[in-house]
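K.L.:
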Amino acid sequence: MLKTLRRIIQEVVAAPEFRSALDIMVKCVAEALNTEACSIFLLDRRHGEHVLLATSGLNPLAIGKVRVPVGQGLIGFVGEREEPLNVSDAPKHPRFLHVPEVGEESYHAFLGAPVIYHRQVLGVVIAQQHTPRRYDDAEEAFLVTLAAQLAAVIAHAEATGEVARLLDSHQVNQQPAEESYAGISGAPGVGIGTGVVVTFSADLASVPDRAPDDIESEIRLLETALAASQEEFRILGERIYEHLPSEERELFAAYQQLLDITDLGADIVAAIRQGNWAQGALRSVIDAHVARLESVDDDYLRERAADIRNLGHRVLAYLQKNERNLPEYSDNTILIGEELTAADLAEVPEGCLAGLVSVKGSGSSHVAILARAMGVPTVMGVSELNVQALADKTIIIDGFYGQVYVSPARELLEEFEQLAAAERDLSDSLESLRDQPAQTADGELIGLLVNTGLGLDVSLSLAAGAEGVGLYRTETPFLIRDRFPSGEEQRIMYRQLLASFAPRFVTMRTLDIGGDKLLPYFPVHEDNPFLGWRGIRVMLDHPDIFLTQVRAMLRASRGFNNLQIMLPMITDASEIDEALRLINKAYAEVCEDMPDIVMPAMGVMIEVPAAVYQARIIARRVNFLSVGSNDLTQYLLAVDRNNARVAGLFDPLHPAVLRAILQVVEAGHQEGRHVSICGEMAGDPVAAVLLVAMGFDSLSMSASSLTRIKWVLRHFTRQQASQLLNEVLAMESPVMIRCHMELALEAAGLEKLVRAGRR
Ligand code: PEP
Ligand code: MG
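Going left to right, the sequence shown walks through residues 2 to 760 as my numbering numbers them.
#1: For Met767, I'd like the list of residues in its chain whose CB is within less than 7 Å of its CB, leaving aside the five on either flank, ordered along the chain.
#2: Within the present structure, is the beta-carbon of Asp685 separated from the nearest heavy atom of the ligand PEP by less than 7 Å?
#3: For the ligand PEP, is there any heavy atom lying closer than 7 Å to the beta carbon of Gly629?
#4: Go ahead and pull the three-state DSSP assignment for Ala55.
#5: With 16 as the cutoff for other CB atoms within 10 Å, does Trp534 come out buried or exposed?
#6: In terms of alpha-carbon separation, which member of Ala553, Phe19 and Arg674 lies closest to Met494?
#7: What three-state label does DSSP hand Asn452 in the structure shown?
#8: Quick test of your reading: Gly192 and Gly338, contact by CB under 8 Å. State the CB separation rounded to the nearest angstrom.
#9: For Tyr118, which three-state DSSP category applies?
#10: For the stretch 465 to 484 and the stretch 502 to 522, state whether three or more C-beta atom pairs, one from each stretch, are separated by less than 8 Å.
#11: With 16 as the cutoff for other CB atoms within 10 Å, does Lys4 come out buried or exposed?
#12: Starting from His675, follow the alpha helix (DSSP H) in both directions and report where the run begins and ends.
#13: Let's test the definition: count the other Cβ atoms within 10 Å of the Cβ of Gly276 and tell me whether it reaches 16, buried, or not, exposed.
#14: Indicate, with yes or no, if the ligand MG has a heavy atom lying under 7 Å from the CB of Glu340.
#15: Label Pro101 either buried or exposed according to how many other C-beta atoms from any shown protein chain fall within 10 Å of its C-beta, with 16 as the threshold for buried.
#16: Let's test the definition: count the other Cβ atoms within 10 Å of the Cβ of Tyr636 and tell me whether it reaches 16, buried, or not, exposed.
#17: What is the rounded straight-line gap between the Cα of Pro478 and the Cα of Gly454?
#18: Kindly indicate which three-state DSSP category Met381 falls into: helix, strand or coil?
#19: Tell me, to the nearest whole angstrom, how far the beta carbon of Val291 is from that of Ala272; I am working on the premise that it is less than 8 Å.
#20: What residue from His48, Pro486, His655 and Ala55 has the CA that sits closest to Ala22's CA?
#21: What are the start and end residues of the beta strand (DSSP E) that includes Cys39?
#22: Please name the residue, chosen from His131, Ala153, Glu84 and Gln130, that lies closest to Ala142 on a Cα-to-Cα basis.
#23: Taking Gly629 as the reference, which of Ala183, Ser701 and Leu650 has the closest Cα?
#24: How would you call Val173, buried or exposed, if buried means at least 16 neighbouring beta carbons within 10 angstroms?
#25: Here's the rule: buried if 16 or more other CB atoms are within 10 angstroms of the residue's CB, otherwise exposed. What is Asp436?
#26: Where DSSP assigns a beta bridge to Gln565, which residues make up the other side?
#27: Give the straight-line distance between the Cα atoms of His675 and Arg538, rounded to the nearest whole angstrom.
#28: Roughly how many whole angstroms lie between the Cα atoms of Asp137 and Leu691?
#29: Could you tell me the alpha carbon to alpha carbon distance between Leu44 and Phe485, rounded to whole angstroms?
#30: With 16 other CB atoms within 10 Å as the buried threshold, where does His99 fall?
#31: Is the beta carbon of Leu391 sitting closer than 8 Å to the one on Val407?
#32: Would you call the stretch 222 to 242 and the stretch 326 to 338 touching, i.e. three or more CB-CB distances under 8 Å?
#33: Pick helix, strand or coil for Arg303, following the three-state DSSP scheme.
#34: Compute the distance between the beta-carbons of Asn562 and Val591, then report whether it is under 8 Å.
#35: With distances taken from CA atoms, which of Leu62, Pro569, Val199 and Ala149 is nearest Glu348?
#36: Should Asp632 be counted as a contact of the ligand MG given a C-beta to heavy atom distance under 7 Å?
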């Protein structure tokens with residue numbers, strides 16, 4: 002029996018999609034029980050119905066069409082009792098409901114088992130047979146055990162939205178309960194409120210070119226409009242200032258600077274002098290800037306185009322002397338726009354913003370960065386949205402999964418209200434943990450570090466109790482410039498970061514360009530950039546850039562002595578030897594005029610499979626190792642980390658990835674080295690428990706994950722974590738591993754954390 006069960010689960014988990022997993026399930030169960038029909042009904046909570054989604058034996062045309070209201074019929078009865086039901090002659094049962102479409106008239110024997118996950122009924126599995134009889138105890142036990150195992154699979158499919166999609170695919174002929182739109186998560190969280198649409202009456206695109214009557218008066222008009230826009234940004238910046246981390250506070254000052262008569266303003270004046278009126282000159286300069294930014298192969302810079310367009314609209318409104326009619330904000334405003342910007346967000350009165358939805362943009366848009374910093378749930382890139390139709394509608398934003406629901410049904414609204422309340426509870430409980438140490442339930446301390454790029458999160462990281470910076474991605478400040486920053490510019494930048502964390506250490510990674518991180522001013526065209534000129538390979542070919550950066554880091558560390566240097570994309574020991582030779586050279590040079598500079602600890606990122614197998618050789622050459630699980634997963638599983646089409650295959654919980662990572666920790670420790678991990682998985686509650694069990698000395702993650710992970714780790718002893726690691730290492734599928742770990746987190750009382758963001 003156990004063997005059959007295991008085989009069925011394996012087949013189900015290996016199914017390419019959820020729909021076929023259900024088909025396999027019913028077919029295998031019918032065979033295993035030697036019964037004539039087996040079917041699965043899943044609960045559609047939005048409509049309060051059990052929907053037939055797979056059958057072997059009943060009328061296949063009834064799939065998706067037969068919907069049994071909750072509490073009705075034998076299906077409803079099983080769901081309601083939350084217990085199996087075994088009857089020899091179903092039609093005689095008082096709760097029997099005759100549904101003509103399914104063709105079950107001739108079936109008599111009925112065995113039903115509820116599918117329950119974390120005390121919630123997800124559906125019902127039934128077996129039927131023509132001859133009246135009671136299924137025996139072994140058969141009943143089989144179906145109940147199978148239903149319990151399937152619960153995890155179905156719960157996972159619910160969490161990833163596959164159940165909703167499958168239910169929706171059967172909704173074609175019915176009036177949908179609400180409109181739902183898919184976008185990209187911009188900031189996590191659930192937001193519920195009323196739609197408020199942002200529009201501009203001034204339309205830059207429709208401004209024609211026209212010869213000016215008087216060039217000087219056009220320039221004066223422009224200067225007045227620029228000054229008024231600058232003043233607007235100054236006020237908005239002040240209003241939002243206290244809610245922002247330090248780096249983002251610069252944003253509104255940067256807008257003002259851009260509008261200066263010596264900056265963008267100078268280009269517009271030049272265009273006026275060349276014979277265009279102020280409005281036409283503004284349009285042509287903004288268009289040129291936008292086109293330049295949009296042609297760049299870098300997400301961050303492309304997203305800046307939206308900011309420039311927004312500046313253009315605002316200046317145009319002043320040129321046209323249009324009073325901008327601000328929308329009427331509601332107490333729970335869900336701000337919606339074609340291309341929302343930070344300035345639109347800043348205009349919403351304090352305490353009234355419940356969420357943001359933007360048709361254009363992505364997670365790297367300024368407005369999304371700001372929303373994350375302010376904790377406002379946000380969905381970006383909702384391309385199918387008809388913005389104007391959403392004004393005054395009730396809207397739910399699921400910022401975890403990037404979904405927007407318009408005019409939701411009562412059940413859905415209630416469900417999200419509960420989720421939002423659970424999220425609030427969770428944040429409250431986490432708040433009290435900020436000053437507590439990061440340790441396991443039996444008191445073993447774990448180093449929690451932060452990953453940073455723009456230095457946005459310094460205050461947030463320190464407040465959450467980060468013990469240092471495990472990864473500073475130095476390429477980020479290089480990406481937002483239009484040339485390589487000079488050594489001195491770099492020194493100032495690095496020193497600021499080192500100063501704000503001192504005496505805590507800061508691990509600076511040497512420039513990791515290439516792959517998806519291309520500098521607009523250092524173009525490289527390759528067919529296979531992720532397998533091409535990346536990270537250390539570029540640096541060793543350009544010792545000038547590398548030495549400038551290392552010297553800047555060393556100089557910046559003077560007096561703080563809290564610098565660590567880390568090398569990315571190492572595949573070969575000789576790369577480390579060469580990099581260390583250059584770093585020693587830079588050190589000797591810097592020491593000539595600053596002899597008190599301390600040589601920093603050196604580390605290597607393990608993010609390429611080749612490095613996994615040479616971890617001991619690598620560890621002997623440096624002071625620490627840090628696993629880059631993002632790239633390691635990409636390279637081990639041969640899955641592009643940025644390709645949405647294969648995103649479902651990118652899973653750091655894949656058994657191959659877990660084994661590789663374990664091997665690195667063991668190798669590092671055999672050489673007596675500190676081993677850390679700085680990929681996204683360190684901030685995943687489910688993975689963090691396993692990483693601690695593997696023996697990582699520290700975990701490095703984004704600032705927003707710190708307290709959650711601290712909370713999780715305090716619920717497990719090392720022995721419990723090790724037991725879980727042993728269990729998952731015996732499993733074959735990432736889905737089962739995740740389900741297993743989620744169950745463990747729930748059993749440890751962390752159900753709020755597992756459930757947060759999942760419907
Ligand atoms: C990684 O690859 O896991 C990593 C931390 O580096 P990045 O995401 O910057 O490539
Ligand atoms: Mg990497």
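Where is the CB? At the ideal position from N, CA and C, for every residue including glycine.
P.N.:
So, from the listed chains and residues:
#1: Since the first and last residues shown for the chain are 2 and 760, residue 767 lies out of range.
#2: Not under cutoff, so the answer is no.
#3: yes
#4: strand
#5: exposed
#6: Ala553
#7: strand
#8: With 8 Å as the limit, Gly192 and Gly338 do not qualify as a contact, their Cβ atoms being about 15 Å apart.
#9: Three-state DSSP puts Tyr118 in a strand.
#10: yes
#11: exposed
#12: Looking at the DSSP string, His675 is not in any alpha helix (DSSP H); the run it does join, the beta strand (DSSP E), is His675 to Ile678.
#13: exposed
#14: no
#15: By the neighbour-count definition (other C-beta atoms within 10 Å, threshold 16), Pro101 is an exposed residue.
#16: Here Tyr636 is buried, its C-beta having at least 16 other C-beta atoms within 10 Å.
#17: Spanning the two alpha carbons is a distance of roughly 7 Å.
#18: strand
#19: Val291 to Ala272, Cβ: 15 Å. No contact.
#20: Per the Cα distances, Ala55.
#21: Ala38 to Asp45
#22: Glu84
#23: Ser701
#24: Note that Val173 scores a pLDDT of 49, beneath 50, so its modelled location is shaky; the value from the coordinates is reported in the next line. That one is exposed.
#25: exposed
#26: In the DSSP output, where bridge partners are listed per residue, Gln565 has Thr508 and Ala602.
#27: Note on geometry: alpha-carbon atoms of His675 and Arg538 lie some 25 Å from one another.
#28: When the Cα atoms are used, Asp137 and Leu691 turn out to be separated by approximately 41 Å.
#29: 57 Å
#30: exposed
#31: yes
#32: no
#33: helix
#34: Contact flag unset, no.
#35: Checked all of Leu62, Pro569, Val199 and Ala149; the closest Cα to Glu348 is Val199.
#36: Flag set: Cβ of Asp632 near the ligand MG.
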